[in-house]
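The number in the working numbering is simply the position in the sequence shown, starting from 1, with 115 added.
Note that CB positions come from ideal geometry on N, CA and C, so glycine has one too.
These figures come from a predicted structure and were not determined experimentally.
Okay, structure first, notes after.
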Amino acid sequence: MPLKPRFQMQKQQTLSSFIAFTNGGEEPKWPQEIFLDTSRTCNLKCVMCVHHSAENSDARHGNEEHCFADLSFFKAPIQSLLPYALAVHPMGYGEPTLHPQFCSYLDYLSDYEVLIDFVSNGTRLDEKFCDFLVSRHIFAITVSFSGSTRSDYEKIYVGAKFKQVLDGMNRLKQAKGRHQSPYPLLFVNSLAFQHHLDNFVDFVELMADHGVNKIFLRPLNGVTYLPKQHDQITVFRPWKDGQNLQRALERA
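Following this line, the structure appears as structure tokens:
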């Protein structure tokens, strides 16, 4: 028998306050979402990353001092807000799963009956972690992934292994099957490098085979610190990419 929600009344107050605000009332009394910066370091040097890019001379590399959030510090300021919050996003400018207490923090947040989702590079999806995510009813994990071949992927996500991340996605898919749960949903955040768009139908097939629920394809904006990638920058030109994207959408 499912447990009776402990914070249902508080969540309803949050929704009621927001609805009143949209109808001309006072500002909402409680935040619907909370964003928590858990990690400032990363195990990759993705070319497009402002903070860790292998091609950006101004990027921070290595493990910076105080790169992980002090979770005991977080708990006190947000403890009074969590009963009212609807969603919490424990992530920041680094890879959240590197935090040595990340699972403990997800445990703490899940006690407050919030939707939890975070963005990851997907390199640490081992069987134990996947089972943990499913058993704690984490709502969603978004994996950053662009490229339908090993070569295309690994020249973007510097330091990552194509097969390793795909295997991690498969492990999450299998863990959801073992627990007979649809959660966490698996999303993919994908950047429109030109070579990626050219093979996007294949990419849709690849992601479907590995349990992905949704792909978010985002424009690759021109950035001054990526001169080697300028020929790959795209703006979704209908006359060049439209038919290919339409085929990918139909296949999805």
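Nearest to residue i (by Cα), restricted to the options the options
i, options, result
"Arg155", "Thr238, Arg366, Met206", "Met206"
"Ser225", "Gly209, Arg251, Gln216", "Arg251"
"Glu242", "Ala290, Pro297, Ser235", "Ala290"
"Gly357", "Asp313, Asp185, His325", "Asp313"
"Ala367", "Asp324, Tyr223, Leu159, Lys288", "Asp324"
"Ser296", "Leu213, Ile253, Phe233, Thr137", "Ile253"
"Arg265", "Phe233, Ile256, Lys276, Val258", "Lys276"
"Arg121", "Pro192, Tyr227, Phe217, Glu141", "Tyr227"
"Leu240", "Pro353, Leu332, Gln361, Leu281", "Leu281"
"Gly237", "Leu213, Asp267, His204", "Leu213"
Contact under 7 Å by Cβ, residue i with residue j
i, j, result
"Ile149", "Ala200", "yes"
"Ser261", "Phe302", "no"
"Ile256", "Pro211", "no"
Endpoints, beta strand (DSSP E) assigned at residue i
i, result
"Glu148", "148-151"
"Ile330", "329-333"
"Ser259", "255-259"
"Val303", "300-306"
"Val234", "230-235"
Residue environment, residue i, which counts as buried when at least 16 other CB atoms sit within 10 Å
i, result
"Leu364", "exposed"
"Pro334", "exposed"
"Ser305", "buried"
"Lys126", "buried"
"Met163", "buried"
"Gly139", "exposed"
"Ser235", "buried"
"Phe233", "buried"
Close beta carbons around residue i, own chain, < 7 Å, minus the five adjacent residues each side
i, result
"Met322", "Val303, Ile330"
"Gly209", "Ser154, Arg155, Thr156, Cys157, Cys182"
"Ser132", "Pro143, Lys144, Trp145"
Chain-order list of residues whose beta-carbon lies under 6 Å from that of residue i (same chain, five-residue window excluded)
i, result
"His176", "For His176, the predicted model reports a pLDDT of 48, less than 50, meaning its position is unreliable and no value from the coordinates is stated."
"Ser318", "It is Phe, not Ser, that sits at residue 318 in the sequence shown. If we look at Phe318 and ignore the five residues flanking it on each side, its Cβ neighbours are Ser263."
"Leu186", "Gln216, Tyr220"
"Leu248", "Pro299"
Cutoff 7 Å: residue i Cβ touching any chain D Cβ
i, result
"Ile330", "Considering every chain present, this structure includes no chain D. It has just one protein chain."
Span of the alpha helix (DSSP H), counted from its first residue to its last, around residue i
i, result
"Ala202", "Careful: Ala202 lies outside any alpha helix (DSSP H), inside the beta strand (DSSP E) at 202-205."
"Val434", "Residue 434 lies beyond the residue range present for the chain, which begins at 116 and ends at 367; the question has no answer from this structure."
"Ile271", "First-last for Ile271: undefined, no H or E at that position."
"Ala184", "Element bounds for Ala184: n/a, residue is neither H nor E."
Residues of its chain near residue i, where Cβ-Cβ distance is below 8 Å and the 5 sequence neighbours each way are ignored
i, result
"Leu196", "Trp145, Pro146, Ile149"
"Gly374", "The structure shown has nothing for residue 374, since the chain only spans 116 to 367."
"Pro215", "Phe183"
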